[in-house]
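Chains W and U, in that order, give the protein sequences. Numbering-wise (my numbering), the first sequence opens with residue 4 and increments by one. Numbering-wise (my numbering), the second sequence opens with residue 4 and increments by one. Idealized CB from N, CA, C, for every residue including glycine. Taking it in order: structure first as structure tokens, then the write-up.
2 protein chains.
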Amino acid sequence: MRLPHRTVQTPVFMPVGTLGTVKAVPQDVLETLGAEIILGNTYHLYLRPGHEAVRRMGGLHKFISWPRAMLTDSGGFQVFSLSQLRKVSDEGVRFRSHLDGSSHFFTPEHSMDVQIALGADIAMAFDECTEYPADRNRAEESLRLTMAWARRSLDHFRAHRDEVVWRDNLGVPQVPGTWGPGNESPTQSLFGIVQGGTYRDLRRESAERLVEMDFDGYAIGGLAVGEGQAAMFAVLDYTAPALPAGRPRYLMGVGTPDDLLGAVARGVDMFDCVMPTRAGRTARAYTSRGVFNIRNARFAADPRPLDPGCACPLCTRHARAYLHHLFRCEEMLGPMLLTWHNIQYYQDFMRGLRDAILQGRLAAHGAAVRARWAEGDDPP
Amino acid sequence: MRLPHRTVQTPVFMPVGTLGTVKAVPQDVLETLGAEIILGNTYHLYLRPGHEAVRRMGGLHKFISWPRAMLTDSGGFQVFSLSQLRKVSDEGVRFRSHLDGSSHFFTPEHSMDVQIALGADIAMAFDECTEYPADRNRAEESLRLTMAWARRSLDHFRAHRDEVVWRDNLGVPQVPGTWGPGNESPTQSLFGIVQGGTYRDLRRESAERLVEMDFDGYAIGGLAVGEGQAAMFAVLDYTAPALPAGRPRYLMGVGTPDDLLGAVARGVDMFDCVMPTRAGRTARAYTSRGVFNIRNARFAADPRPLDPGCACPLCTRHARAYLHHLFRCEEMLGPMLLTWHNIQYYQDFMRGLRDAILQGRLAAHGAAVRARWAEGDDPP
Numbered sequence: 004m005r006l007p008h009r010t011v012q013t014p015v016f017m018p019v020g021t022l023g024t025v026k027a028v029p030q031d032v033l034e035t036l037g038a039e040i041i042l043g044n045t046y047h048l049y050l051r052p053g054h055e056a057v058r059r060m061g062g063l064h065k066f067i068s069w070p071r072a073m074l075t076d077s078g079g080f081q082v083f084s085l086s087q088l089r090k091v092s093d094e095g096v097r098f099r100s101h102l103d104g105s106s107h108f109f110t111p112e113h114s115m116d117v118q119i120a121l122g123a124d125i126a127m128a129f130d131e132c133t134e135y136p137a138d139r140n141r142a143e144e145s146l147r148l149t150m151a152w153a154r155r156s157l158d159h160f161r162a163h164r165d166e167v168v169w170r171d172n173l174g175v176p177q178v179p180g181t182w183g184p185g186n187e188s189p190t191q192s193l194f195g196i197v198q199g200g201t202y203r204d205l206r207r208e209s210a211e212r213l214v215e216m217d218f219d220g221y222a223i224g225g226l227a228v229g230e231g232q233a234a235m236f237a238v239l240d241y242t243a244p245a246l247p248a249g250r251p252r253y254l255m256g257v258g259t260p261d262d263l264l265g266a267v268a269r270g271v272d273m274f275d276c277v278m279p280t281r282a283g284r285t286a287r288a289y290t291s292r293g294v295f296n297i298r299n300a301r302f303a304a305d306p307r308p309l310d311p312g313c314a315c316p317l318c319t320r321h322a323r324a325y326l327h328h329l330f331r332c333e334e335m336l337g338p339m340l341l342t343w344h345n346i347q348y349y350q351d352f353m354r355g356l357r358d359a360i361l362q363g364r365l366a367a368h369g370a371a372v373r374a375r376w377a378e379g380d381d382p383p
Numbered sequence: 004m005r006l007p008h009r010t011v012q013t014p015v016f017m018p019v020g021t022l023g024t025v026k027a028v029p030q031d032v033l034e035t036l037g038a039e040i041i042l043g044n045t046y047h048l049y050l051r052p053g054h055e056a057v058r059r060m061g062g063l064h065k066f067i068s069w070p071r072a073m074l075t076d077s078g079g080f081q082v083f084s085l086s087q088l089r090k091v092s093d094e095g096v097r098f099r100s101h102l103d104g105s106s107h108f109f110t111p112e113h114s115m116d117v118q119i120a121l122g123a124d125i126a127m128a129f130d131e132c133t134e135y136p137a138d139r140n141r142a143e144e145s146l147r148l149t150m151a152w153a154r155r156s157l158d159h160f161r162a163h164r165d166e167v168v169w170r171d172n173l174g175v176p177q178v179p180g181t182w183g184p185g186n187e188s189p190t191q192s193l194f195g196i197v198q199g200g201t202y203r204d205l206r207r208e209s210a211e212r213l214v215e216m217d218f219d220g221y222a223i224g225g226l227a228v229g230e231g232q233a234a235m236f237a238v239l240d241y242t243a244p245a246l247p248a249g250r251p252r253y254l255m256g257v258g259t260p261d262d263l264l265g266a267v268a269r270g271v272d273m274f275d276c277v278m279p280t281r282a283g284r285t286a287r288a289y290t291s292r293g294v295f296n297i298r299n300a301r302f303a304a305d306p307r308p309l310d311p312g313c314a315c316p317l318c319t320r321h322a323r324a325y326l327h328h329l330f331r332c333e334e335m336l337g338p339m340l341l342t343w344h345n346i347q348y349y350q351d352f353m354r355g356l357r358d359a360i361l362q363g364r365l366a367a368h369g370a371a372v373r374a375r376w377a378e379g380d381d382p383p
């Protein structure tokens, strides 16, 4: 993906930087760990520090000092999952802030204005994330709203995308040929979001209508909300082929490494999830030998690196025993180092998938990776 | 100071690594920030992970992967300030753990055994830290105990100092000539602790008796416990000259940059304090223009680096507005970056004092530094 701030290799995993920081990871470490694109949450950044404040400070890239690519979500998911007293109409959503109860109104147009002020490389259409389970009527109604909002998002975005604060002001591309097809002067992209619950015809209809609108990329939303991996893969099986191969396909809010493996095999190019960062703060380690909880007493005197092949600052310097000690004592360094490791693992994992795709051996690679997970950790 | 793991330039400030981690600072960052020696707390490490566990893992340097110098305190201060149900006798102190109420008995001999197992470059004699205020009788009685314990600490330490796990196993010195006078094979050093409250004759007596015992260095304890800076400086005025110029003088638990300036002028070589790290977690920034609370609303849109001349990862990459945002949102990155800055400030500050001493202009330098603090921050 040639984006204004970075050419990003796909398939790619985007660490989540909710409030303009990937929790516990300094930006220079994030670069070293290999992150090329991170996600910011529009709902959170709209509330604090506010999109106008971010714009005045030069946009989100400059505000947080992140020179590589960024994506902002539309705010829709958090409005529906975090805020209080929501009232949805065709026009938009009125809601109260989860922080102070203050009242706010989000429309597709307002979400675009906020995202243009934030200025990520990729913005997302404002959608209603259908809850799970949703019956047929509810899924149809939600889809109707999401399609109308997609149209309004796109129209408003097209009229205003050139207002992003860094437009025509990016300097030279970091990498020759970085900026879009034909290397034109860069601006933001907008992705549409496919909804439709677990109904095949609704997913197909949603995809077709969005493709007609001609978005820069397409997300698959409303998954990883409790339906289980098999149901999620089933939706991907019929939804991904309905999206054009030449545009990025983004599976929102997913997932475990195993989820990513299955989704990449089904043609997905982009992912985001709080899993590696949240797990890092709660002592869960993602490794080539599966997932460990480092608080487990068996690590108390284990002198080995967490994941011997890993190049992260934790694995190259410290023993499992030390990480165990840090978590046992609730020392901040534990969550910090384990978050760094988990991000490194996810980035290395995606690099492994990309290499395997180029070599035409994704299936064999996936089987080998799954076999190592299943083997588990060596005894100490 | 030529120590087994590092030749340390004095005067020096030691960041506090209570449980084998300087809170929120990875070891590689600590090296970059310029820390040459850090402190570990014997009481805390004795409880978690336990000194025998640390010894089995190769000593504290290896356990936490810190190749530079370390000092452990004796455990006395925490036994007296943190633990419950203390019972002091001539033999030692029985106390209950602040973690689980378990019962423990510390003697001077046991403190030495624990510190030899931990294996820092410098160990401290086991003392009773006299509380403030203490009347004459109480100060005399406390001093009597501390002197008897100093003798027992030294005798036990001399008999066992060669049992430290890295003895004869350090490899080659990092810096030629690093190890002690004559470059002999290295082992630990032991410092005695001067007590005596704010009583001049008791401080002198304490110093003289310790010097007679011939410790490797001398600490001044029982200060910065509520007596105020003027009283502290008065004690230093008559205590420091009673300690030999050729051995390190260490003022324990001190302090603000202004405290350090006054104490260095009075001949102190070493300091430790939680101030830069604790302040970093509570939004207090130490800078060349004085102390700021970064939560203050005036920083919300301030695009400047926290301290423009500072080379730390915060000041070279981020604006005050971003740091303010991180603290406002209670994001971990705020305490992390500000702790790193504060340690950089303390290290740079001590380097400034060392340079001024070498140039024979400590008084002028101190006056200039104080004048900049007093000037305060420029308006945004």
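Our contact map puts residue i next to residue j with C-beta atoms below 8 angstroms; I'd like the distance itself, whole angstroms only.
{"i": "W/Ala3", "j": "W/Arg307", "result": "The first residue shown for chain W is 4 and the last is 383, placing residue 3 of chain W beyond what the model contains."}
{"i": "U/Leu6", "j": "U/Ala72", "result": "5 angstroms"}
{"i": "W/Arg99", "j": "W/Gln87", "result": "4 angstroms"}
{"i": "U/Trp210", "j": "U/Ala245", "result": "Residue identity differs from the one stated: residue 210 of chain U is Ala in this sequence, not Trp. About 4 angstroms; that satisfies the 8 angstroms criterion."}
{"i": "U/Met278", "j": "U/Tyr253", "result": "The pair is not a contact, with the Cβ atoms about 16 angstroms apart (cut-off 8 angstroms)."}
{"i": "U/Gln81", "j": "U/Asn44", "result": "6 angstroms"}
{"i": "W/Arg161", "j": "W/Pro111", "result": "No, W/Arg161 and W/Pro111 are not in contact; Cβ-Cβ is about 12 angstroms, not under 8 angstroms."}
{"i": "W/Gly20", "j": "W/Ile41", "result": "5 angstroms"}
Using the Cα positions of residue i and residue j, report the straight-line distance between them to the nearest angstrom.
{"i": "W/Ala304", "j": "W/Leu326", "result": "10 angstroms"}
{"i": "U/Leu33", "j": "W/Phe16", "result": "30 angstroms"}
{"i": "U/Ser291", "j": "U/His101", "result": "38 angstroms"}
{"i": "W/Val257", "j": "U/Glu333", "result": "25 angstroms"}
{"i": "W/Arg250", "j": "W/Arg59", "result": "32 angstroms"}
{"i": "W/Ala126", "j": "W/Gln198", "result": "17 angstroms"}
{"i": "W/Glu143", "j": "W/Tyr241", "result": "18 angstroms"}
{"i": "U/Cys315", "j": "U/Arg281", "result": "18 angstroms"}
{"i": "W/Arg206", "j": "W/Asp93", "result": "21 angstroms"}
{"i": "W/Asp262", "j": "W/Asn345", "result": "16 angstroms"}
{"i": "U/Pro179", "j": "U/Pro70", "result": "Residue confidence is low: U/Pro179 scores 47 on pLDDT, short of 50, so the model does not pin down where it sits. Its coordinate-derived value is still stated next. Rounded to whole angstroms, U/Pro179 to U/Pro70 spans 16 angstroms at the Cα level."}
{"i": "W/His113", "j": "W/Leu340", "result": "38 angstroms"}
{"i": "U/Leu226", "j": "U/Ile196", "result": "11 angstroms"}
So, for residue i: in the same chain, excluding its five sequence neighbours on each side, which residues have a beta-carbon less than 7 angstroms away from its beta-carbon?
{"i": "U/Val57", "result": "Leu48, Leu63, Phe66, Ala120 and Leu121"}
{"i": "U/Pro1", "result": "Not covered by the structure: residue 1 of chain U. The range shown for chain U is 4 to 383."}
{"i": "U/Glu55", "result": "Ala120"}
{"i": "W/Trp343", "result": "Val28, Val32, Leu36, Cys315, Pro316 and Leu317"}
{"i": "U/Gly379", "result": "Arg292 and Gly293"}
{"i": "U/Arg357", "result": "Gln12 and Pro14"}
{"i": "U/Phe236", "result": "Gly265 and Arg269"}
Residues in the same chain with beta-carbon distance under 6 angstroms from residue i, minus the five sequence neighbours each way, listed in chain order, please.
{"i": "U/Arg298", "result": "Ala286 and Phe330"}
{"i": "W/Tyr348", "result": "Tyr289"}
{"i": "W/Met255", "result": "Ala222 and Gly224"}
Can you tell me whether residue i sits near the ligand ATP, meaning its C-beta is under 7 angstroms from at least one heavy atom of the ligand?
{"i": "U/Ala248", "result": "You won't find the ligand ATP in this model; it holds no ligand whatsoever."}
Does residue i come out as helix, strand or coil in the three-state DSSP assignment?
{"i": "U/Gln87", "result": "strand"}
{"i": "U/Ala222", "result": "strand"}
{"i": "U/Arg170", "result": "coil"}
{"i": "U/Thr24", "result": "coil"}
{"i": "W/His64", "result": "helix"}
{"i": "W/Tyr289", "result": "strand"}
{"i": "U/Ala234", "result": "helix"}
{"i": "W/His107", "result": "strand"}
{"i": "U/Phe129", "result": "coil"}
{"i": "W/Ile360", "result": "helix"}
{"i": "U/Asn296", "result": "strand"}
{"i": "W/Arg71", "result": "coil"}
Using a Cβ-Cβ cutoff of less than 8 angstroms, which residues in the same chain neighbour residue i once the five nearest sequence positions on both sides are dropped?
{"i": "W/Gly61", "result": "Val168 and Trp169"}
{"i": "W/Thr190", "result": "Pro7, Arg164, Asp165, Val167 and Arg170"}
Taking a cut of 7 angstroms between CB atoms, which residues from the region 22 to 43 of chain U lie near chain W? Leu22, Gly23, Thr24, Lys26, Ala27, Pro29, Gln30 and Asp31
Closer than 8 angstroms, Cβ to Cβ, to anything on chain U: give me those residues from the region 325 to 346 of chain W, in chain order.
-> Tyr325, His328, Leu329, Arg331, Cys332, Glu334, Met335, Leu336, Pro338, Met339 and Leu340
Problem set entry | Contact list for the region 298 to 328 of chain W against chain U, Cβ threshold 8 angstroms | Ala303, Ala304, Pro306, Pro316, Arg320, His321, Ala322, Ala324, Tyr325 and His328
### Query
Going along the chain, which residues of the region 49 to 61 of chain W sit with their C-beta nearer than 9 angstroms to a C-beta in chain U?
Within the region 49 to 61 of chain W, the qualifying residues are Arg51, Pro52, Ala56, Arg59, Met60 and Gly61.
field: Under 7 angstroms (Cβ pairs) to chain W, residues found in the region 60 to 84 of chain U
entry: Met60, Phe66, Ile67 and Ser68
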